[in-house]
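Chains as they are written, first to last, in our numbering: chain A, 45 to 286; chain B, 23 to 212.
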Amino acid sequence: MSGTKKETGFSFTIDGVEVTAYAGQTIMEAADEAGVYIPRLCDHEGLRHQGSCRVCTVKAGGRSVAACTQPAAPGQAVENETAHLNKMRRDLVEMLFHEGNHLCPICEASGNCELQAMAYRLDMTEATKFPYLEPCRALDASHPDIALDTNRCISCGRCIRASQDVDGKGIFGYVGRGIHRRVAVNGENLADTNADSGDHAMSSEVCPVGCIIRKRVGFATPIGEREFDKGLIGHEIEEKRK
Amino acid sequence: MSDALPKARIATASLAGCFGCHMAILDIDERLIELMKLVDVDRSPLTDKKRFTQRCDIGIIEGGCCNEENVHVLHDFRRNCDVLIALGQCAIMGGLPAMRNAIMHSDAPLRECLDEAYITGKYIRNTTHNVPNDPALPLLLDEVYPCSQVVEIDYQIPGCAPSGDIIFDTLSKLLTGKFRGFEREIIKFD
């Protein structure tokens, strides 16, 4: 293969729409540039891809793959917005709701929450068939500027990657295995770490839910005027196509 | 809205909720007049009827189940209504009352909740030093349950409280057989 091919790119299709990708790009990166939105929770712009939430699962060549980690391939036919995939995504999001304690009416992240916004986008409105696990999880308000309400943590690991790769601190990390895997802090509590409210990991965009809370700013924007009150999650990406 | 349609009967009840969803029904505003052309209201706090006078087409439930009386009422609604709607987050997933299920960080969350509310709370003035236990009070359940864990629920209208728009839209479409799910933009859990 010639070295110039990398620059010229290749094409593949997502739900029949032709998309251009460059060597090394994932399906999701190419889709984002082309204005095709693929739902995602654990992936965030500027952070390394992890592929753990599986909300971005698409069908490529008849196989289910995570669009955020799967490299795009020339001529590939990718399925994204199908009833089957969206139902599977809805079930995944619903299970995340049930695995923690997600009480939207009392959560200060309501309206800015990507989990909630994903539930709206995926029509999570039918009576549930899953049990609520209602775990007892800790609230860590030890730090003067930041609180952690782990009832709302979905273990996406975005704070882990932001703290490690962007802040160079490693405040967060995974502990435990399987369903017991949780995000923990590198110390007795958050005040015991070198966490700072200016860290990228603590910024409102990194935590997709209301787990990492910056104190004293929660209701600066009232409910009803928040990010996902303005449009469905992913609408900025989809508007690129129009 | 044709006059030829026979009027549907609806019933409503508030279980473990704050009555906010019933107040939200009033947010339908002047469209209530349009809606009332399509329905008669049977058992409901809005009519103050305490029992079903006949079978209803639609039952609307606000709030989840926190005590045995809630469960009795919910079963009564399921028996007497063709279509049962859970209105608002408490009916759908337990809502604020369900905070007593897990967030208390306790092995006996109900006991801890009652103790703090009636005995140990700093700002309590309870001269009896007892948790109320009058036999007339309905027995509390171990947990607060969403309606769908007690009976089969046909539709859920999300929100805390749901907007007048989503209530009117859903009810008027259900009554005319045109309901095909919610517009994504009006789904809100807050």
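For each residue, glycine too, the CB sits at the ideal point set by N, CA and C.
As the structure is a prediction and not an experimental result, all values here were calculated from the model.
*Nearest-angstrom Cα separation, counted from GLU62(A) out to GLN114(A)*: Against the first sequence, residue 114(A) aligns to sequence position 70. Against the first sequence, residue 62(A) aligns to sequence position 18. Between GLN114(A) and GLU62(A), the C-alpha separation is close to 18 Å.
*For CYS240(A), name the three-state secondary structure that DSSP assigns.*
Position 196 of the first sequence holds residue 240(A). Reading off the sequence shown, one finds Asp at residue 240(A), where the question assumed Cys. It is coil, neither helix nor strand.
*At a Cβ threshold of 8 Å, is MET45(B) touching chain A?*
The count along the second sequence starts at 1 and reaches residue 45(B) at position 23. No, because no Cβ of chain A sits closer than 8 Å to the Cβ of MET45(B).
*Does CYS228(B) have its Cβ less than 8 Å from a Cβ in chain A?*
Residue coverage of chain B in this structure runs from 23 to 212, which leaves residue 228(B) outside it and unanswerable.
*Please decide whether ILE256(A) counts as near chain B, where near means a Cβ-Cβ distance under 8 Å.*
Along the first sequence, read from residue 1 onward, the residue named residue 256(A) stands at position 212. False, the Cβ-Cβ gap to chain B never drops below 8 Å.
*Taking Cβ positions, are ALA38(B) and PRO119(B) nearer each other than 8 Å?*
Reading the second sequence from its first residue, position 16 is the one you call residue 38(B). Reading the second sequence from its first residue, position 97 is the one you call residue 119(B). Their beta carbons are under 8 Å apart, which means ALA38(B) touches PRO119(B) by this criterion.
*Helix, strand or coil for VAL227(A) per DSSP?*
For the purposes of this step, residue 227(A) is taken as the residue at position 183 of the first sequence. Three-state DSSP puts VAL227(A) in a strand.
*Mind checking which residues open and close the beta strand (DSSP E) that includes GLN208(A)?*
In the first sequence, counting from the first residue as 1, residue 208(A) sits at position 164. First-last for GLN208(A): undefined, no H or E at that position.
*Going along chain A in order, which residues have a C-beta closer than 8 Å to the C-beta of SER170(B)?*
Against the second sequence, residue 170(B) aligns to sequence position 148. Within 8 Å Cβ-Cβ: ALA171 and THR172.
*asked:* Check whether chain A comes within 8 Å of SER194(B), counting only Cβ atoms and requiring the distance to be less than that.
replied: Residue numbering aside, residue 194(B) sits at position 172 when the second sequence is read from its first letter. Output row for SER194(B): interface = no.
*I think ALA111(A) touches VAL102(A), with their Cβ atoms under 8 Å apart; what is that distance to the nearest whole Å?*
As a working mapping, residue 111(A) is identified with position 67 in the first sequence. As a working mapping, residue 102(A) is identified with position 58 in the first sequence. Yes, they are in contact, since the Cβ atoms of ALA111(A) and VAL102(A) sit about 5 Å apart, within 8 Å.
*the segment 147-161 of chain A: positions lying closer than 7 Å to chain B by Cβ*: LEU147, CYS148, PRO149, ILE150, SER154, GLY155 and GLN160
*Does the beta-carbon of ASN148(B) have 16 or more other beta-carbons within 10 angstroms, so that it is buried, or is it exposed?*
Sequence index remark: in the second sequence, residue 148(B) carries index 126 (1-based). Result: exposed.
*How many Å lie between PHE56(A) and ASP64(B) at the Cα?*
Translated into positions along the first sequence, residue 56(A) becomes position 12. Translated into positions along the second sequence, residue 64(B) becomes position 42. Answer to the nearest angstrom: the Cα atoms are 59 Å apart.
*Roughly how many angstroms lie between the CA atoms of ILE209(B) and HIS151(B), to the nearest whole one?*
Position 187 of the second sequence, counting from 1, holds the residue named residue 209(B). Position 129 of the second sequence, counting from 1, holds the residue named residue 151(B). Distance between the alpha carbons of ILE209(B) and HIS151(B) is about 45 Å.
*In its own chain, which residues sit with a C-beta less than 7 Å from the C-beta of GLY119(A), not counting the 5 before and 5 after it?*
The residue you call residue 119(A) lines up with position 75 of the first sequence. Excluding sequence neighbours, GLY119(A) sits near PHE56.
*In this structure, what does DSSP give as the bridge partners for MET113(A)?*
The residue given as residue 113(A) occupies position 69 in the first sequence. At residue 113(A) the sequence reads Thr, which differs from the Met that was named. Bridge partners of THR113(A): none, in fact.
*Tell me which same chain residues have a C-beta within less than 7 Å of the C-beta of ALA264(A), skipping the five on either side of it?*
Numbered from 1 along the first sequence, position 220 holds the residue referred to as residue 264(A). Cβ within range, chain order: n/a, list empty.
*How would you write the range of the alpha helix (DSSP H) that TYR164(A) sits in, first residue to last?*
Counted from its first residue, the first sequence places residue 164(A) at position 120. Here the alpha helix (DSSP H) through TYR164(A) covers 158-165.
*Does ALA38(B) come within less than 8 Å of chain A when only Cβ atoms are used?*
Indexing the second sequence from 1 puts residue 38(B) at position 16. Cβ-Cβ to chain A under 8 Å: no for ALA38(B).
*Could you tell me which chain A residues have their CB closer than 7 Å to the CB of ASP212(B), listed as they occur along the chain?*
Taking the second sequence and counting its residues from 1, the one referred to as residue 212(B) is at position 190. The answer, in chain order, is CYS148, PRO149, SER154, GLY155 and ILE267.
*If you count every other CB in all the chains shown that lies within 10 Å of the CB of PHE204(B), and 16 or more means buried, which is it?*
As a working mapping, residue 204(B) is identified with position 182 in the second sequence. Buried is the call here.
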